[in-house]
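J.: Before I ask anything, let me first share the structure, which is written out below as structure tokens.
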Amino acid sequence: MNINLEVEVVEKESTAIVLLAGEIDAYTAPKLKEALLPFAEQKGILIEVNLEKVNYLDSTGLGVFISALKATKESGSELKLVHVQDRVKRLFEITGLDSIITIDTTVRGGK
Amino acid sequence: MKELELDLENYRNLLNQYITTQDETSLYQAEQFSKLSMQHNISPEEIIHVHIQALRELYPDLPKEVDNSMEFLLEAMISYGLAYQEFQSLREKQLELKSEISVAASMQQTLLSTDKPEIEGLEIGAISVPANQMNGDYYHFVTDYQGTLGIAIADVIGKGIPAALAMSMIRYSMDSFPENQRFPSEILQNLNRVVERNVDPSMFITMFYGLYNPLTSSFKYSSAGHEPGFFYDAKKDEYREIRAKGLVLGVMNDVTYEQFEIKINEQDMVILLTDGVTECRVGDRFIERDEVLDVIKQYAHLPAQEAVELVFKHFERLQDFHLRDDFTLIIIRKNV
């Protein structure tokens, strides 16, 4: 299967906005990890990950968000997920991760 | 060296034949020669050496410049020879690793094997099939002297060998918990600490733990972020999702798990699974949970073991017999 993940990072002062498009699975997860971890390890950064264009996330992808979350806890930064689609949100709910990661589910221009 | 000399003669004849006729067959034979040389671990610079020898024998009056250039080429090829040697030894190592992994896989199977217990009035079907050599899914049955049945079903995130090793750790920590701490919420709470301390930050484990008491027909359960199973209520003839929210194991140190309890009546079923069942996809399409349930319903009237096997076969067929993820399904039915 040839589906990729596009990662775009916009830095504004102490906020890093990470725009993702595609699928997050065992193949694309390393790319996401590479993008997220450097910010998560820095002090006092708000990392806002936009998942509006992510329609699939598997457990390997969840693992990346967990490592990023752990890193932010240590460095005193914050991880926030925004515009999360229902299918993806369900995974965060089942795993209980929605109780420890800030998730904003309003989809832009959607219902 | 003898063999090489024999080959030299062969090579010289081939070379001569090609130079004079330029026909395709001698080119083809040259290809065969190189394949044979590889089988005999002959390095590229050795072939050039043979080429120089043959050339000198065929053309004793070869211009000195050409002869020198061949020596030059020989030197230039030496690194390729070394790379080739390295490739050979890597290939051997890879074979070794492969056989070690299969030994590890069979050891894992022995370590993690669990017997399906015989409990009067209860029918149990269970299947667990790994996508690769080692299984990151796991289920385990524990019975105690009071006749209660503990059921653990888990999925390690992070695949492959590290995941499988983490599973063995879980299994052995569970065995070490004292008898009086067999309640699902306590077991998950203890395991969470073990996993949090010992496992890589990107790895985590989801687990559902259930405890059935045949005397009271009560089923107590807790979940650590595990894919929800289903409960079949025979009286109402309806399936419900088993909801039990809890955080996956290994993310935070101090987590408490809520414990739930239901009563199991005659012909009721508890259906437990891992996300290898619900994350199954066909081409670009995902299988929805409702579809999974539909397939389970289709076979649910059969004996429990037959049912889980047929559900597995159904999804295996759907995915062209190539599982993307480990697949585990358990059906428990109260018969009396």
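As you go down the protein sequences, you meet chains B and E in turn. Just so we're aligned, residue 1 is where the first sequence starts under my numbering, counting upward by one. Just so we're aligned, residue 112 is where the second sequence starts under my numbering, counting upward by one. Just so it is clear, CB atoms sit at the ideal spot from N, CA and C, and this is done for glycine as well.
May I ask you to verify whether the stretch 370 to 383 of chain E touches the stretch 68 to 82 of chain B, counting CB pairs closer than 8 Å and requiring at least 3?
T.: With the cut-off at 8 Å, the stretch 370 to 383 of chain E and the stretch 68 to 82 of chain B do not touch.
J.: In this structure, how does DSSP classify L79 (chain B) when only helix, strand and coil are distinguished?
T.: Here residue 79 (chain B) refers to the residue found at position 79 when the first sequence is read from its first residue. Looking at L79 (chain B) - three-state DSSP - the assignment turns out to be strand.
J.: Looking only at its chain, what residues have a beta carbon closer than 6 Å to the beta carbon of V267 (chain E), apart from the 5 residues adjacent to it on each side?
T.: Position 156 of the second sequence, counted from the start, is the residue given in the question as residue 267 (chain E). Taken in chain order, the residues that qualify are G247, A274, A277, M278 and I316.
J.: For G63 (chain B), go through chain E and note every residue whose CB falls closer than 8 Å to its CB, in chain order.
T.: Counting from one through the first sequence, the residue named residue 63 (chain B) turns up at place 63. Near G63 (chain B) (Cβ distances below 8 Å), the residues of chain E are I268, G269, S313, M314 and F315.
J.: Which residue spans inside the stretch 293 to 367 of chain E form an unbroken beta strand (DSSP E) run of at least 3?
T.: Runs of the beta strand (DSSP E) inside the stretch 293 to 367 of chain E: 315 to 324, 329 to 335, 341 to 344 and 349 to 352.
J.: Provide the residue span of the alpha helix (DSSP H) that contains D405 (chain E), from first to last.
T.: Translated into the one-based positions of the second sequence, residue 405 (chain E) becomes position 294. Residues R400 to Y410.
J.: Should M363 (chain E) be flagged as near chain B, meaning a C-beta pair shorter than 8 Å?
T.: What you label residue 363 (chain E) is simply residue 252 of the second sequence in a count that begins at 1. Interface residue, yes.
J.: Is it a yes or a no for the stretch 286 to 302 of chain E touching the stretch 234 to 241 of chain E, going by three-plus beta-carbon pairs under 8 Å?
T.: They do not touch, by the three-pair rule.
J.: Beta strand (DSSP E) containing D104 (chain B): first to last residue?
T.: Start at 1 with the first residue of the first sequence, and residue 104 (chain B) comes out as number 104. Start and end: T102 to D104.
J.: Can we say the stretch 123 to 131 of chain E touches the stretch 155 to 169 of chain E, given the rule of at least three CB pairs closer than 8 Å?
T.: Yes, the stretch 123 to 131 of chain E is in contact with the stretch 155 to 169 of chain E.
J.: What's the C-alpha gap between Q133 (chain E) and L201 (chain E)?
T.: Position 22 of the second sequence, counted from the start, is the residue given in the question as residue 133 (chain E). Position 90 of the second sequence, counted from the start, is the residue given in the question as residue 201 (chain E). When rounded, the distance between both Cα atoms is 38 Å.
J.: Check each candidate in B:D25, B:S14, B:Y27 and B:L36 and name the one with the smallest Cα separation from E150 (chain B).
T.: Outside the shown range of chain B, which is 1 to 111, sits residue 150 (chain B), and nothing can be said about it.
J.: Comparing the C-beta of K70 (chain B) with each C-beta of chain E, is any distance below 8 Å?
T.: To locate residue 70 (chain B), count along the first sequence from 1; it is residue 70. So yes, K70 (chain B) belongs to the interface.
J.: Take S232 (chain E) and list the residues in its own chain whose beta-carbon comes closer than 8 Å to its own, dropping the five residues that flank it on each side.
T.: As a first step, residue 232 (chain E) is located in the second sequence; it is residue number 121 there, counting from the start. The displayed chain sequence assigns Gly, not Ser, to residue 232 (chain E). Within the same chain, G232 (chain E) has close Cβ partners P325, K445, N446 and V447.
J.: For the stretch 321 to 353 of chain E, which residues have a CB atom closer than 9 Å to at least one CB atom of chain B, in sequence order?
T.: Cβ contacts with chain B: S334, A335, G336, H337, E338 and P339.
J.: First and last residue of the alpha helix (DSSP H) that includes S190 (chain E)?
T.: Indexing the second sequence from 1 puts residue 190 (chain E) at position 79. I189 to L223 is the span of the alpha helix (DSSP H), which, as asked, contains S190 (chain E).
J.: Which residue or residues does DSSP assign as beta-bridge partners of T254 (chain E)?
T.: Translated into positions along the second sequence, residue 254 (chain E) becomes position 143. Partner(s): E:L260.
J.: For S14 (chain B), which of helix, strand or coil comes out of DSSP?
T.: As a position in the first sequence, residue 14 (chain B) is number 14, starting the count at 1. Reduced to three states, the DSSP call for S14 (chain B) is coil.
J.: If contacts are defined as beta-carbon pairs under 8 Å, then V10 (chain B) and K33 (chain B) qualify, I think. What distance do you get, rounded to the angstrom?
T.: For the purposes of this step, residue 10 (chain B) is identified with residue 10 of the first sequence, where counting begins at 1. For the purposes of this step, residue 33 (chain B) is identified with residue 33 of the first sequence, where counting begins at 1. At roughly 19 Å, the Cβ-Cβ gap does not stay under 8 Å, so V10 (chain B) and K33 (chain B) are not in contact.
J.: Is the Cβ of L51 (chain B) closer than 8 Å to any Cβ of chain E?
T.: Taking the first residue of the first sequence as position 1, residue 51 (chain B) is located at position 51. Not one chain E Cβ lies under 8 Å of L51 (chain B).
J.: Using a Cβ-Cβ cut-off of 8 Å, state whether I17 (chain B) counts as contacting chain E.
T.: Locating residue 17 (chain B) in the first sequence gives position 17, counting from the first residue. No, I17 (chain B) lies away from the interface with chain E (no Cβ there is under 8 Å from its Cβ).
J.: Classify T72 (chain B) as buried or exposed, calling it buried when 16 or more other Cβ atoms lie within 10 Å of its own Cβ.
T.: Sequence index remark: in the first sequence, residue 72 (chain B) carries index 72 (1-based). With 16 or more Cβ atoms within 10 Å of its Cβ, T72 (chain B) is classed as buried.
J.: Relative to the C-alpha of H337 (chain E), which residue among B:T28, B:K43 and B:T95 is closest?
T.: Position 226 of the second sequence, counted from the start, is the residue given in the question as residue 337 (chain E). Cα-wise, what sits closest to H337 (chain E) is B:T95.
J.: Determine the extent of the beta strand (DSSP E) in which I443 (chain E) is found, giving its start and end residues.
T.: Mapped onto the second sequence, residue 443 (chain E) falls at position 332. Looking at the DSSP string, the run of the beta strand (DSSP E) that includes I443 (chain E) is F438 to K445.
J.: Could you tell me the distance, in whole angstroms, from the CA atom of S99 (chain B) to the CA atom of N309 (chain E)?
T.: On the first sequence, residue 99 (chain B) is found 99 positions in, with the first residue counted as 1. On the second sequence, residue 309 (chain E) is found 198 positions in, with the first residue counted as 1. When rounded, the distance between both Cα atoms is 23 Å.
J.: Between L138 (chain E) and chain B, is any beta-carbon pair separated by less than 8 Å?
T.: Residue mapping note: residue 138 (chain E) aligns to position 27 of the second sequence, counting from 1. Answer no: the Cβ-Cβ gap between L138 (chain E) and chain B never drops below 8 Å.
J.: Tell me the rounded alpha-carbon separation between D226 (chain E) and E352 (chain E).
T.: Counting from 1 along the second sequence, the entry for residue 226 (chain E) is found at position 115. Counting from 1 along the second sequence, the entry for residue 352 (chain E) is found at position 241. Rounded to the nearest angstrom, the two C-alpha atoms are 27 Å apart.
J.: Could you say which of B:A21, B:A68, B:K31 and B:L62 lies nearest to R90 (chain B) if we only look at CA atoms?
T.: Position 90 of the first sequence, counted from the start, is the residue given in the question as residue 90 (chain B). Out of B:A21, B:A68, B:K31 and B:L62, B:L62 has the C-alpha closest to the C-alpha of R90 (chain B).
J.: For K43 (chain B), which residues in the same chain have their Cβ closer than 7 Å to its Cβ, ignoring the five residues on either side in sequence?
T.: Walking along the first sequence from the start, residue 43 (chain B) turns up at place 43. Closer than 7 Å at Cβ, skipping near neighbours: S75, G76 and S77.
J.: Considering Cα atoms alone, identify which of E:G321, E:A242 and E:Q219 is closest to V253 (chain E).
T.: Residue 253 (chain E) sits at position 142 when you count from the first residue of the second sequence. V253 (chain E) has its Cα closest to that of E:G321, out of E:G321, E:A242 and E:Q219.
J.: Is it true that the stretch 147 to 156 of chain E meets the stretch 174 to 193 of chain E, where meeting means three or more beta-carbon pairs spaced less than 8 Å apart?
T.: Touching, yes.
J.: Over the uninterrupted alpha helix (DSSP H) stretch that includes K424 (chain E), give me the two end residues.
T.: In the second sequence, the residue the question calls residue 424 (chain E) occupies position 313. Counting along the chain, the alpha helix (DSSP H) containing K424 (chain E) begins and ends at A415 to L429.
J.: Give the single residue among E:Q150, E:I212, E:P228 and E:P289 whose Cα lies nearest to the Cα of T259 (chain E).
T.: By 1-based counting over the second sequence, the position of residue 259 (chain E) is 148. Nearest C-alpha to T259 (chain E): E:P228.
J.: So what does A21 (chain B) bridge to, in DSSP terms?
T.: The sequence position of residue 21 (chain B) within the first sequence is 21, counting from 1. Paired residue(s): B:E6 and B:K53.
J.: Excluding the 5 residues preceding and the 5 following L358 (chain E) in the sequence, name in chain order all residues of the same chain whose CB lies nearer than 7 Å to its CB.
T.: The residue labelled residue 358 (chain E) in the question sits at position 247 within the second sequence. Once the five neighbours on either side are set aside, the close Cβ partners of L358 (chain E) are A335, G336 and V366.
J.: So what does DSSP say about V381 (chain E), is it helix, strand or coil?
T.: In the second sequence, residue 381 (chain E) corresponds to position 270, counting from 1. V381 (chain E) falls in the strand class under three-state DSSP.
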